[in-house]
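Below is one structure, written out as structure tokens; comments come after it.
Numbering (full-length UniProt numbering), first residue to last: 1 to 303.
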């Protein structure tokens with residue numbers, strides 16, 4: 001359906017230029033629309049994005065409901081709502097066929113976290129007798145110390161390090177930049193790797209400023225960081241399923257448990273909305289009671 005591809009292409013440009021979304025996010029939005037297009041093709045329903053009806057979209061929703069869980073269904077519906085809202089915004093349509101379609105209610109999934117002991121065990125399992133070991137230790141310390149996304153970690157530049165001021169500059173989603181504090185100990189690990197490992201290896205053209213490099217002197221891939229963490233988890237026999245994002249979740253959770261302000265955590269994580277950060281409010285009641293008794297004027301008042 002070539003007609004769909006024209007509208008999808010325009011929509012992708014809108015997401016990139018007007019909303020400043022990352023390539024990964026745009027791909028996810030596009031994937032949701034392409035699911036609908038494939039459904040229409042398989043059922044020989046020849047209709048354009050401008051003419052598709054709410055009944056035809058509803059038929060697609062019924063179809064996917066039998067194939068995916070509520071969370072995936074919710075994401076697909078949200079993606080389609082965004083696409084058709086764009087068509088209305090650009091005056092291609094007068095209304096959206098998604099208006100009467102409700103997003104299924106799903107329980108909010110709490111992020112997996114690691115304890116400080118588990119993080120110490122993982123990092124302690126790294127073989128520091130190899131050049132890659134020193135690099136991996138610096139990377140994981142940075143992930144946990146600064147709460148970075150894996151994409152932010154692998155794209156970190158030497159020119160982004162402002163150690164004298166105690167910050168690093170991070171380029172996040174939509175190329176939005178933020179400054180994140182970095183601890184002296186993490187600075188030390190990075191300096192050790194940079195001065196004694198990285199600068200003594202071969203560095204490919206175009207990667208002179210990239211901080212973390214692979215053996216060939218190029219930027220690491222996301223998949224490589226996932227593999228490093230997975231191998232360490234196996235090495236210490238960790239039963240949890242973890243990823244680079246687990247270190248980010250742990251960063252936020254540990255800050256919150258130790259009394260950090262939610263707004264400060266939001267800024268460090270680079271969340272656009274405070275509601276995204278609020279998912280980390282899964283503290284146990286005992287901790288909340290301790291916070292109340294310690295910090296509220298009436299918390300520890302005796303009768």
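Glycine included, C-beta positions come from ideal geometry on N, C-alpha and C.
One or two residues paired with residue i in a DSSP bridge
{"i": "residue 178", "result": "170"}
{"i": "residue 161", "result": "168"}
Per-residue burial, residue i [other beta carbons within 10 Å of its own, 16 or more giving buried]
{"i": "residue 249", "result": "buried"}
{"i": "residue 201", "result": "exposed"}
{"i": "residue 45", "result": "exposed"}
{"i": "residue 62", "result": "exposed"}
{"i": "residue 158", "result": "exposed"}
{"i": "residue 97", "result": "buried"}
{"i": "residue 68", "result": "exposed"}
{"i": "residue 162", "result": "exposed"}
{"i": "residue 147", "result": "buried"}
{"i": "residue 66", "result": "exposed"}
{"i": "residue 236", "result": "exposed"}
{"i": "residue 206", "result": "exposed"}
{"i": "residue 89", "result": "exposed"}
{"i": "residue 198", "result": "buried"}
{"i": "residue 244", "result": "buried"}
{"i": "residue 187", "result": "buried"}
{"i": "residue 20", "result": "exposed"}
{"i": "residue 252", "result": "buried"}
{"i": "residue 135", "result": "buried"}
{"i": "residue 286", "result": "Residue placement at residue 286 cannot be trusted, given a pLDDT of 49 that sits under 50; what the coordinates show is reported in the next sentence. Looking at its Cβ environment, which holds fewer than 16 other Cβ atoms inside 10 Å, residue 286 is exposed."}
{"i": "residue 221", "result": "exposed"}
{"i": "residue 303", "result": "Legend: pLDDT at residue 303 = 44, less than 50; position of this residue unreliable, no value from coordinates given."}
{"i": "residue 128", "result": "exposed"}
{"i": "residue 211", "result": "buried"}
{"i": "residue 196", "result": "exposed"}
{"i": "residue 152", "result": "buried"}
{"i": "residue 172", "result": "buried"}
{"i": "residue 266", "result": "buried"}
Simplified DSSP state of residue i, which is helix, strand or coil
{"i": "residue 362", "result": "In the structure as shown, the chain starts at 1 and stops at 303, and residue 362 therefore has no counterpart that could be examined."}
{"i": "residue 212", "result": "coil"}
{"i": "residue 9", "result": "helix"}
{"i": "residue 21", "result": "coil"}
{"i": "residue 262", "result": "helix"}
{"i": "residue 92", "result": "coil"}
{"i": "residue 63", "result": "helix"}
{"i": "residue 286", "result": "For residue 286, the predicted model reports a pLDDT of 49, less than 50, meaning its position is unreliable; a value from the coordinates is still stated below. Residue state, collapsed to three classes: helix."}
{"i": "residue 119", "result": "helix"}
{"i": "residue 136", "result": "helix"}
{"i": "residue 204", "result": "coil"}
{"i": "residue 46", "result": "coil"}
{"i": "residue 37", "result": "helix"}
{"i": "residue 183", "result": "coil"}
{"i": "residue 267", "result": "helix"}
{"i": "residue 4", "result": "helix"}
{"i": "residue 227", "result": "helix"}
{"i": "residue 199", "result": "helix"}
{"i": "residue 124", "result": "helix"}
{"i": "residue 248", "result": "helix"}
{"i": "residue 235", "result": "helix"}
{"i": "residue 303", "result": "Its pLDDT being 44, under 50, residue 303 is placed unreliably by the model, and nothing is read from it."}
{"i": "residue 69", "result": "coil"}
{"i": "residue 149", "result": "coil"}
{"i": "residue 194", "result": "helix"}
{"i": "residue 155", "result": "coil"}
{"i": "residue 272", "result": "coil"}
{"i": "residue 131", "result": "helix"}
{"i": "residue 76", "result": "helix"}
Integer-rounded CB distance, given that residue j should sit under 8 Å from residue i
{"i": "residue 47", "j": "residue 93", "result": "About 12 Å; that fails the 8 Å criterion."}
{"i": "residue 203", "j": "residue 213", "result": "7 Å"}
{"i": "residue 8", "j": "residue 33", "result": "6 Å"}
{"i": "residue 238", "j": "residue 118", "result": "7 Å"}
{"i": "residue 246", "j": "residue 113", "result": "7 Å"}
{"i": "residue 137", "j": "residue 123", "result": "6 Å"}
{"i": "residue 166", "j": "residue 190", "result": "About 13 Å; that fails the 8 Å criterion."}
{"i": "residue 150", "j": "residue 101", "result": "Not confirmed; about 33 Å, so no contact."}
Distance cut-off 6 Å: residue i Cβ against heavy atoms of the ligand SAH
{"i": "residue 249", "result": "As presented, the structure is devoid of all ligands, the ligand SAH included, so that no description of it is given."}
Proximity test, Cβ basis, 7 Å: residue i and chain B
{"i": "residue 113", "result": "Given the protein chain composition of this structure (a single chain), no chain B is represented."}
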